[in-house]
Amino acid sequence: MHPPHTCDNRTVQGSELSVLEQICREIAAASQPFRRLEVSRDQLQQLFKDNPFKLRLIQEKVAGPTATVYGCGMLVDLCRGPHLRHTGQIGGLKLLTNSASLWRSSGAPEILQRVSGISFPTAELLRDWETQKEEALLRDHRRIGKEQELFFFHELSPGSCFFLPRGTRVYNALVAFIRAEYARRGFSEVRTPTLFSTKLWQLSGHWEHYKEDMFTLQPPGTNRAASAQSGHSAGPPVDTLALKPMNCPAHCLMFAHRPRSWRELPVRLADFGVLHRAEASGSLGGLTRLWRFQQDDAHIFCAPDQLEAEIQGCLDFLRSVYQVLGFSFRLALSTRPSGFLGEPSLWEQAEQILQRALEEFGEPWDLNPGDGAFYGPKIDVRLHDALGRPHQCGTIQLDFQLPLRFGLQYKGQAGAPERPVLIHRAVLGSVERLLGVLAESCGGRWPLWLSPFQVVVIPVGPEQEVYARQVQQSLQAAGLAGDLDADCGMTLSRRVRRAQLTHYNFQFVVGQKEQSKRTVNIRTRDNRRLGERDLTEAVQRLLELQNTRVPNAEDLF
Ligand SMILES: [Zn+2]
């Protein structure tokens, strides 16, 4: 609830929220009924004649001859409803924020006071909600990103993330995971440009449907052309360029780059290319919504009779990645929407193929009739993180339109040209966003294979510092994240404790004995003592656990 009101020049202060909350509680306790009234425009004008803000609202929002108002105690307000029957149904109430918002209208902008709050049927439900909120805040990826020095944002590059060395480590581990899957599953990675002529986006249809979300720019020389009176020739007209919001058109150009034969199909092109999407700046927040991000994007060009096997391959890809990440997921088939393009028979056939693939796959799935894209049916994937929160990440979409628009074809078995089918698919979706989801899901306690805090080496005293550095070097040379805590001004037990609070998966303690035998004394972040191990063997074991991407390396060591 956040009814805005004008308060002349008075501003609601944060310190006043508790007073307002108390007033609201008293009103709730009085069980005041809400009365619904349908009134004519004339009556509306009369009711709100002293409130210029409401009068304007009536003028702009009330289209019909009548509107509803709700009355409660002294208050009468324009509202569509519905409302509670009486204020006594509010058992728990909390005011959350106060803010001034600008009312833009025909006249000069005015400042309105907005107080927002939340209410529940019982005080218990309010307490549950507060607990959940605290937990979520504790796990907020922006907080984790700051505390663990993973990434930051800067006003000088809005909507884009700076990944620090530790964050880049996590990012690269995710990408390496997907690359390993690509190798197993017959995907070929490619790199494509970021800047394209808007002619490409016209051809792909993005200019028509997606223009508002794209960043466009003029190439250098365009200004020169404008000031060409000095005798310079303006040259050929220069295209406006746009930063790519997706990779598909580039991959279509790649497919069309030379003649293709049925023998090559399916062609599976994967691209971690940088994408830019002009989200409204108000909706940007952390890694969830960005202007600049990368996806584990791939496009499969296949013959119609390969479609079912390819879809099954995509579904299997999803399952094995989400399993490693510790996510459960739910699939939904979205079918032909009202404004679809293409042949109805083609759609029907494709939907049947998707349905068969889903049934074969064996996981439960839902049907979302009419929810497909205008260019083809799709399988939406909703994953659930460790906190049970849903996220929309992966997708599998069929596309009949792009191959048509780009005139894609291959030489069929009979020698005649045929049109390939295009599948868009992503498993992680935005790598940035998924990294945020993972940070919150594990609460900063990263599994070894993703962890930017794999091992810290702790010398017992200054005499072991040189050996400790050698241990750190062995870890780093093997590609592991090894830090050193040689701050011998602090007791050993406090340094171990500090390492565990930082969530280092392992602590390697080295004293006199370890130095002489070239061993390390290992503890886990749960303070389990694994005892003395040979250094080379310990590094080998860590590599094995990292490369198999187990979620519980500390238990398995
Ligand atoms: Zn695509």
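Convert by adding 2 to the 1-based position in the sequence shown; the result is the number in this note's numbering.
All C-beta atoms in this analysis are idealised placements derived from N, C-alpha and C, irrespective of residue type, glycine included.
- Leu404 is positioned such that its CB atom lies no closer than 8 Å to that of Ser199.
- For Met248, the CB falls within less than 7 Å of some heavy atom of ligand 1.
- The segment 274-292 makes no contact with the segment 413-426; the number of CB pairs closer than 8 Å stays below 3.
- With fewer than 16 other CB atoms across the displayed protein chains lying within 10 angstroms of its CB, Pro195 is exposed.
- Distances from the CA of Gln308 to each of Leu400, Gln91 and Glu516 were compared; the closest alpha carbon is that of Leu400.
- Take the alpha-carbon of Ser340 and the one of Lys380: they are about 15 Å apart.
- Taking a C-beta distance under 8 Å as the contact criterion, His505 and Leu424 do not qualify as a contact pair.
- Distance from the CA atom of Ser101 to the CA atom of Gly147, rounded to whole angstroms, is 28 Å.
- Gly169 carries a helical assignment under DSSP once its states are collapsed to helix, strand and coil.
- Nearest to Arg141 by C-alpha distance, out of Arg193, Gly288 and Gly119, is Gly288.
- In the structure shown, Ile92 falls within a coil segment according to DSSP collapsed to helix, strand and coil.
- Comparing C-alpha distances from Leu46 to each of Val78, Glu28 and Ala30 shows the shortest one belongs to Val78.
- One Cα belongs to Arg500, the other to Arg527, and the distance between them is close to 10 Å.
- Trp367 carries a strand assignment under DSSP once its states are collapsed to helix, strand and coil.
- Less than 8 Å divides the Cβ of Leu333 from the Cβ of Glu365.
- If one requires a minimum length of 4 residues, the alpha helix (DSSP H) runs lying completely within the segment 168-218 are 200-206 and 208-212, in chain order.
- Annotated three-state conformation of Cys304 is strand, per DSSP.
- In this structure, the C-beta of Asp298 stays at least 7 Å away from each heavy atom of ligand 1.
- Within 7 Å of the C-beta of His426 there is at least one heavy atom belonging to ligand 1.
- One Cα belongs to Gly161, the other to Glu434, and the distance between them is close to 12 Å.
- Taking 8 Å as the cut-off, the beta carbon of Thr70 is found closer than this to the beta carbon of Arg38.
- In the assembly as shown, His253 is a buried residue. Its beta-carbon has 16 or more other beta-carbons within 10 Å.
- Under a 10 Å Cβ-count criterion, Met76 is classified as exposed, with fewer than 16 other Cβ atoms of the shown protein chains found around its own Cβ.
- Check the Cα spacing between Val512 and each of Asp536, Arg530 and Gly491: the tightest is with Asp536.
- Taking a C-beta distance under 8 Å as the contact criterion, Leu95 and Glu23 qualify as a contact pair.
- The three-state reading of DSSP puts Ala441 in helix, counting H, G and I together.
- Of the other Cβ atoms in all chains shown, fewer than 16 fall within 10 Å of the Cβ of Lys201; this residue is therefore exposed.
- With a cut-off of 8 Å on Cβ pairs, the segment 337-355 is in contact with the segment 367-376, counting three or more such pairs.
- According to DSSP, Arg116 shares a beta bridge with Ser101.
- Minimum Cα-Cα distance from Val326 among the listed residues Val473, Leu452 and Val269 corresponds to Leu452.
- A Cβ-Cβ contact shorter than 8 Å links Val457 with Phe510.
- Between Gly396 and Gly431, the CB-CB gap stays under 8 Å.
- For Lys413, the secondary structure class from DSSP, reduced to helix, strand or coil, is strand.
- Here Gln502 carries a helix assignment [DSSP, helix/strand/coil].
- By the CB criterion at 8 Å, His278 and Arg265 fall outside the cutoff.
- C-alpha of Cys74 to C-alpha of Phe50: approximately 15 Å in a straight line.
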